[in-house]
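One structure is given below, encoded as structure tokens.
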Amino acid sequence: MSADPAPHRHPSPPDSGHRFDAGRRWEARLALAFDRREGRTRLTRAHHRGPLRVQRPFYPEPLHPALVEPCHVYLLHPPGGLVSGDALALEIAVEADAHALLTTPAATKLYRADSQGVTWQQSNHLQVAAGGLLEWLPQETIAFDGSRGVQSTTVELGGDARCLGWEVMALGRPVGALPFVSGAIEQRFRLTCDGRPLWLERQPLDPHHARFQGRWGQGGASVQATLWAAGLAAPEAAVAALREALPAAPQWAVTQRLGVLLLRYLGDSRNQAWDYCQAAWQTLRPLLAEREACEPRIWRT
0 MSADPAPHRH PSPPDSGHRF DAGRRWEARL ALAFDRREGR TRLTRAHHRG PLRVQRPFYP
60 EPLHPALVEP CHVYLLHPPG GLVSGDALAL EIAVEADAHA LLTTPAATKL YRADSQGVTW
120 QQSNHLQVAA GGLLEWLPQE TIAFDGSRGV QSTTVELGGD ARCLGWEVMA LGRPVGALPF
180 VSGAIEQRFR LTCDGRPLWL ERQPLDPHHA RFQGRWGQGG ASVQATLWAA GLAAPEAAVA
240 ALREALPAAP QWAVTQRLGV LLLRYLGDSR NQAWDYCQAA WQTLRPLLAE REACEPRIWR
300 T
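All residue numbers for the sequence shown refer to numbering that gives the first Met the number 0, where the first residue is 0 and numbers rise by one.
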């Protein structure tokens with residue numbers, strides 16, 4: 000693992016619209032690469048800048064003579080959350096025929112913006128080469144009231160690459176009577192295969208917009224989740240399998256388009272959203288990886 004001599008603090012982004020003390024901003028970046036070597040997926044590159052790290056790779060899954068051994072990695076962000084001006088960037092590259100599973104040890108917190116309303120930025124750039132498989136399974140994100148920022152995820156697949164991932168977002172802290180009633184968050188998703196766009200989405204989360212409370216939009220829900228799976232051999236059959244495996248409820252729905260399976264949750268329970276996503280992953284993983292789901296131990300700590 001390599002690192003810059005010191006964390007880098009960066010100036011206000013050009014599109015923020017605010018002047019801000021650069022000394023109060025933190026930029027963190029982590030670039031990882033995974034390759035297949037002698038039947039095992041190896042973490043071959045880990046370059047970090049700022050407070051973003053990885054633990055050592057884990058290999059908890061049973062060996063299989065015909066399958067590459069997956070590499071499990073936990074992404075660590077010691078501050079635990081983002082404040083005004085922070086920028087977090089992850090770059091993940093899974094090479095041909097490698098198989099990596101990435102998760103986080105805890106929820107990511109998006110804190111209230113400062114008085115100037117300066118935003119935070121979080122970007123994930125996921126690349127998977129032909130024959131490779133990436134499982135992107137972070138724990139939930141909790142957005143505090145007044146948080147402002149942009150969260151973007153870009154997935155670039157090559158050939159028959161496969162990727163399954165999710166994003167679980169909890170808005171505010173209803174248990175503490177602190178709902179998400181101010182601030183603005185924008186989520187962006189972009190998934191391509193060989194440069195061809197398969198899924199493009201932009202979702203603003205603004206409690207002052209009619210969409211936030213309207214039944215045609217957010218409907219006042221405080222928790223939402225999106226799970227995607229690309230590279231399935233039979234996506235329509237996978238949709239049917241999920242409808243059979245998951246208990247019917249108005250909070251979730253699943254569909255597929257252009258070979259990309261999308262499961263959505265919209266409700267008020269983080270635990271329920273997580274349970275649906277995890278159950279869907281357990282159903283889909285054998286279809287993507289020919290392996291049963293192997294739950295990261297960090298989820299139980």
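Glycine residues also receive a C-beta, built at the ideal position from the N, C-alpha and C atoms.
DSSP places Ala244 outside any beta strand (DSSP E); the residue lies instead in the alpha helix (DSSP H), whose first and last residues are Pro234 to Ala244.
Distance from Ser122 to Leu170 at the Cβ level is roughly 20 Å; contact not present, criterion being Cβ atoms closer than 8 Å.
For the segment 144-176, the full-length beta strand (DSSP E) segments reaching 3 residues or more read 147-156 and 161-170 along the chain. Close CB contacts of Ser268 within its chain, under the 7 Å cut and outside five residues either way in sequence, are with Val222 (chain order).
In the three-state DSSP reduction, Arg39 falls in the strand class (E or B). Ala237 and Gln277 have their C-alpha atoms some 15 Å from each other. With contacts defined by Cβ atoms closer than 7 Å, Pro69 and Leu100 form a contacting pair.
Using a 10 angstroms sphere on the CB of Gly158, the tally of other CB atoms stays under 16, which defines it as exposed.
By the neighbour-count criterion, in which a residue is buried when 16 or more other Cβ atoms sit within 10 angstroms of its Cβ, Pro196 is exposed. In chain order, Arg189 place their CB closer than 6 Å to the CB of Leu199, counting only its own chain and leaving out the 5 sequence neighbours on each side. Assigned with DSSP and collapsed to three states, Trp215 falls in coil, not helix or strand. Take the alpha-carbon of Gly148 and the one of Ala142: they are about 10 Å apart.
Here the alpha carbon of Glu26 sits roughly 13 Å from the alpha carbon of Arg52. Note: Ile184 is bridge-paired with Gly148 and Leu204 in the DSSP secondary-structure output.
In this structure, the alpha-carbon of Leu81 lies about 12 Å from that of Gly145. With a cutoff of 7 Å on beta-carbon distance, Ala160 and Gly258 are scored as not near each other. In this chain, Tyr275 is not harboured by any beta strand (DSSP E); it is covered by the alpha helix (DSSP H) spanning Arg269 to Ala288.
Arg111 sits in coil when the DSSP states are folded into three classes, being neither helix nor strand.
By the Cβ rule, the segment 73-88 counts as touching the segment 53-64, because three or more pairs are nearer than 8 Å. Between the segment 31-50 and the segment 242-260 there are fewer than three inter-stretch CB-CB distances shorter than 8 Å, so the stretches are not counted as touching.
The beta-carbon separation of Trp119 and Gly164, rounded to 21 Å, does not stay under the 8 Å limit for a contact.
Arg55 carries a coil assignment under DSSP once its states are collapsed to helix, strand and coil. The residues Leu74, Pro137 and Gln138, in chain order, have a CB closer than 6 Å to that of Thr103 in the same chain once the five nearest residues on each side in sequence are set aside.
Val127 has its alpha-carbon roughly 6 Å from the corresponding atom of Glu94.
Within the same chain, Arg210 come within 6 Å of Gly216 by CB-CB distance, once the 5 residues on both sides are set aside. Residue pairing for Ile297: DSSP places it in no beta bridge. Membership of Gln121 in the beta strand (DSSP E) is indicated by the continuous run Trp119 to Val127.
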